[in-house]
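Novice:
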Amino acid sequence: MTLRILALDTTNEFGGIALTDGERLSDEIPLHSPEGFAHIIFGEIQRLLARHSLMLRDLDGFASASGPGSFTGVRVGLTAVKGLAEATGRRVVAVSNLRALASFGTRPLRAPVLDARRGEIYGAVYDACLRPVQDEVVMPLTNWLATLPQGELEIITSGFNLPPVQFPIIEAGRSLAGAIARIAAQEFNAGRAKDPAEIDANYVRRSDAELLWKEP
Numbered sequence: 001m002t003l004r005i006l007a008l009d010t011t012n013e014f015g016g017i018a019l020t021d022g023e024r025l026s027d028e029i030p031l032h033s034p035e036g037f038a039h040i041i042f043g044e045i046q047r048l049l050a051r052h053s054l055m056l057r058d059l060d061g062f063a064s065a066s067g068p069g070s071f072t073g074v075r076v077g078l079t080a081v082k083g084l085a086e087a088t089g090r091r092v093v094a095v096s097n098l099r100a101l102a103s104f105g106t107r108p109l110r111a112p113v114l115d116a117r118r119g120e121i122y123g124a125v126y127d128a129c130l131r132p133v134q135d136e137v138v139m140p141l142t143n144w145l146a147t148l149p150q151g152e153l154e155i156i157t158s159g160f161n162l163p164p165v166q167f168p169i170i171e172a173g174r175s176l177a178g179a180i181a182r183i184a185a186q187e188f189n190a191g192r193a194k195d196p197a198e199i200d201a202n203y204v205r206r207s208d209a210e211l212l213w214k215e216p
């Protein structure tokens with residue numbers, strides 16, 4: 001049976017939706033919505049399914065980017081796939097944006113980096129099997145670069161211009177939905193999909209409200 005997974009990325013203004021056919025990506029639609037995706041995401045899902053003559057009940061599962069990214073954007077995607085999964089009785093996978101970005105690499109060590117704003121970046125290091133080598137962190141770029149291990153390492157970015165560094169740099173596309181879909185299909189096949197209530201956001205950095213909160 002062909003495994004069909006619908007994946008969403010709504011974590012920043014450049015998002016997307018994607019569909020798998022087994023572990024192969026069958027379609028990906030990049031989306032750009034500076035005002036967010038809550039008002040358009042379900043219409044875009046309907047259009048994607050119509051292109052393939054599919055209904056929601058024909059899907060085997062759902063996936064969403066879990067962050068890091070816009071706090072509101074992360075919640076929109078996760079809430080959408082949770083609702084779709086609960087309505088159809090399907091399972092779900094949440095995929096880190098940094099892990100998805102690492103999938104564009106070709107070297108044994110892959111260091112994905114995303115703009116966290118406020119003079120900071122989100123970064124991590126994965127191996128070629130997308131297993132974490134260094135935890136996901138948020139910190140100034142120069143501090144993070146100093147933590148990178150030596151070896152056959154490359155840095156992978158998405159819409160973020162880096163200064164010259166000692167490692168090769170790969171510029172991935174803006175939309176990570178296709179990468180999220182492929183990783184999710186592998187997770188489903190490995191039996192690691194979850195019930196909708198079990199997935200959660202991967203913010204890495206605390207929200208503004210948490211940063212401003214002070215204990216009495």
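Heads up: the sequence shown at position 103 corresponds to 103 in the numbering used here, and the numbers run straight through without jumps.
Note that beta-carbon positions come from the ideal geometry of N, C-alpha and C, so glycine has one too.
(1) Look at the alpha carbon of Ala7 and the alpha carbon of Asn143, and state the distance between them as a whole number of angstroms.
(2) For Met55, which residues from the same chain have a beta carbon less than 7 Å from its beta carbon, with the 5 sequence-adjacent residues on both sides left out?
(3) Check whether the Cβ atoms of Ala65 and Leu176 lie closer than 9 Å to each other.
(4) Name, in chain order, the residues that DSSP records as bridge partners for Leu8.
(5) Does the contact criterion of 3 or more C-beta pairs under 8 Å hold for the segment 136-153 versus the segment 104-124?
(6) Val133 by DSSP, collapsed to three states: which one?
(7) Leaving aside the five residues before and after Glu23 along the sequence, list all residues of the same chain whose C-beta is less than 8 Å from its C-beta, in chain order.
(8) Quick check on the DSSP output: what are the complete alpha helix (DSSP H) runs of length 4 or more inside the segment 45-114, in order along the chain?
(9) Using only alpha-carbon positions, find the residue among Gln46, Gly36, Arg117, Ala193 that is nearest to Pro140.
(10) Using C-beta distances below 8 Å, list every residue in its chain close to Gly151, excluding the 5 sequence neighbours before and after it, in chain order.
(11) According to DSSP, is Ile156 part of a helix, a strand, or is it coil?
(12) Given this structure, state the Cα-to-Cα distance separating Gly15 from Ala146, to the nearest angstrom.
(13) Need the endpoints of the alpha helix (DSSP H) that Gly178 sits in, please.
Specialist: So, from the data block:
(1) Distance between the alpha carbons of Ala7 and Asn143: 33 Å.
(2) Leu49
(3) yes
(4) Ile17, Ser64
(5) yes
(6) In the structure shown, Val133 falls within a strand segment according to DSSP collapsed to helix, strand and coil.
(7) The residues are Leu3, Arg182, Ala185, Gln186, Asn189.
(8) Complete alpha helix (DSSP H) runs here, min 4: 71-88, 97-102.
(9) The option with the nearest alpha carbon to Pro140 is Arg117.
(10) Pro108, Leu109
(11) strand
(12) 30 Å
(13) 177-189
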